[in-house]
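Just add 30 to wherever you are in the sequence shown, counting from 1, and you've got this note's numbering.
Working notes, structure below.
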Amino acid sequence: MSTAAKYARFVLACWKLNLAGAMEFRLSFFMTAGMMILNNAVWIFFWQIYFHRFHLVNGWQVSDVMMLWAVTAGGFGLANAFFGNAENIGNLIITGQLDTYLVQPKPVLLHVLISRMSVSALGDFIFSLIVFLFFGQHTWIGIVKFAGALLLSMLIFVFFSVCIQSLAFYVGNVEGLVGQELIVTFATYPTDIFRGLTKVLLFTVLPAGFISYLPLGLLREVQPLFFGAALGVTALLVCGGTALFYHGLKRYGSGNMMGMRK
31 MSTAAKYARF VLACWKLNLA GAMEFRLSFF MTAGMMILNN AVWIFFWQIY
81 FHRFHLVNGW QVSDVMMLWA VTAGGFGLAN AFFGNAENIG NLIITGQLDT
131 YLVQPKPVLL HVLISRMSVS ALGDFIFSLI VFLFFGQHTW IGIVKFAGAL
181 LLSMLIFVFF SVCIQSLAFY VGNVEGLVGQ ELIVTFATYP TDIFRGLTKV
231 LLFTVLPAGF ISYLPLGLLR EVQPLFFGAA LGVTALLVCG GTALFYHGLK
281 RYGSGNMMGM RK
């Protein structure tokens, strides 16, 4: 069996165990996921009221904003359901809990990322599929573009967190620094309502702009310049986050902890 196949089996086994652990308390699982769907639906309701009165927001139609929510919620949901430990890397570093992963013959960063699942994030992903059913393009090309948008969104969420959390190797506690929630805050509003320095920051320091513009730059029509930039920024985050983590790992001091993964 090839190395890639072994890693694939390992990842699938971890995801299966995470889901089994979440389903151990099924009522809590369904209530948590359901409340997240309801929370997102409330925002959709408010946007529907807004568009009932104003039909356009700087060129954005109601379907564009709905798909904006689908892409953001779906990407956030996938990131935290399948790579739910991304936001916890800093805590693992400063408390010495990386020891558990270092002694196992698996890629450290991959193992860390997949070892945790957020139950509420599954609600976000389900919500995104529901929105797509109502407002998306129900063609093969529409489905492929939506899947691509979710993949880009997910990778941006995951590896932005990896970049920020890996700073704990160098500066210590990073709990007060920006995280995925700040990206969600800006990504759920049409990009074109922002102006000047704020808009620049959303396409540079905080890559929320590349998520929020996907409904126009990929789903409505493929805009080569934007799509190329989105791919480039995503690749930069993936490569940069991975390099930053493994470079920082060389500075890591063991917490001398003895532990076992459940």
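The beta carbon of each residue, even a glycine, is placed where N, CA and C say it ideally should be.
Rank the options by C-alpha distance to the C-alpha of residue i and give the top, closest one.
i, options, result
"G120", "F190, A259, W99", "F190"
"T215", "L236, A198, V201, V204", "L236"
"G209", "I123, Y219, S196", "S196"
"L212", "A179, L231, A198", "L231"
"F256", "F157, T221, L207, E205", "T221"
"A52", "T218, H168, A151", "A151"
Using the Cα positions of residue i and residue j, report the straight-line distance between them to the nearest angstrom.
i, j, result
"A35", "V87", "47 Å"
"F55", "L163", "29 Å"
"Y276", "T130", "16 Å"
"W170", "L47", "32 Å"
"L159", "L249", "15 Å"
"F106", "M184", "6 Å"
"A260", "L57", "39 Å"
"F157", "L274", "33 Å"
"W99", "N203", "32 Å"
"G247", "G153", "26 Å"
"V192", "A103", "19 Å"
"G206", "A198", "11 Å"
Does the separation of the CB atoms of residue i and residue j fall below 8 Å?
i, j, result
"I186", "F240", "yes"
"A71", "V149", "no"
"A111", "F59", "no"
"F165", "S93", "yes"
"V263", "A179", "no"
Under the three-state reduction of DSSP, which class applies to residue i: helix, strand or coil?
i, result
"V87", "strand"
"P135", "coil"
"L197", "coil"
"Y282", "coil"
"H168", "coil"
"M96", "helix"
"Q78", "helix"
"N118", "helix"
"R56", "helix"
"V208", "coil"
query: Between the stretch 108–126 and the stretch 140–155, do three or more beta carbon pairs fall short of 8 Å?
result: With a cut-off of 8 Å, the stretch 140–155 and the stretch 108–126 count as touching, because enough Cβ pairs lie within range.
- prompt: If you pair each beta-carbon of the stretch 76–86 with each one of the stretch 123–142, do three or more pairs fall below 8 Å?
  reply: With the rule of 3 Cβ pairs closer than 8 Å, the stretch 76–86 does not count as touching the stretch 123–142.
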